[in-house]
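Student:
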Amino acid sequence: MVRDAEELVRAYSEPHLKSARPCPFCGDENLGVFQGPETRISHTKTWYVMCARCVCRGPIGASPERAVAAWNGDFEPVRRRDLGR
Ligand SMILES: [Zn+2]
């Protein structure tokens, strides 16, 4: 996907990133907040944090703030045993 420079500057200077943890995989702190896919039913925007070094992505959130919170681990994980496995 081609992104213009303005969008990249916005992604990497997102204010909520100040409270983001370093990347859990590579430890890098060079993170950006990008727009994810629209939700299928309500067609609202989603956001996610991406590590610039190893290109891993965090969970999607309904706002940049929620995306950073999810990146930091503030979400309810579905456990496998809850699925009857
Ligand atoms: Zn990383």
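Just so you know, this note's numbering puts 24 at position 14 of the sequence shown, and the rest follows in order with no gaps.
By construction, the Cβ of each residue, glycine as well, lies at the ideal position given by its N, Cα and C atoms.
The structure presented is a predicted model; accordingly, all values stated were derived computationally and were not measured.
1) Just to check, is the beta-carbon of R76 closer than 7 angstroms to a non-hydrogen atom of ligand 1?
2) Do F35 and ligand 1 come close, with the Cβ less than 7 angstroms from some heavy atom?
3) Ends of the alpha helix (DSSP H) at V78?
4) Could you tell me the boundaries of the beta strand (DSSP E) in which V59 lies?
5) Confirm the yes/no value for this check: CB of D14, any heavy atom of ligand 1, distance under 7 angstroms.
6) Work out the CA separation of E24 and K55 for me, nearest whole Å.
7) Could you name the residues that DSSP lists as bridge partners for L18?
Tutor: Taking the geometry as given:
1) It does not: the Cβ of R76 is nowhere closer than 7 angstroms to a heavy atom of ligand 1.
2) Answer for F35: yes, Cβ within range of ligand 1.
3) Start and end: P74 to W81.
4) Taken as a continuous stretch (DSSP letters only), the beta strand (DSSP E) holding V59 covers W57 to C61.
5) No, ligand 1 has no heavy atom inside 7 angstroms of this Cβ.
6) Going from the Cα of K55 to the Cα of E24 covers about 16 angstroms.
7) For L18, which the question treats as bridged, DSSP gives no partner whatsoever.
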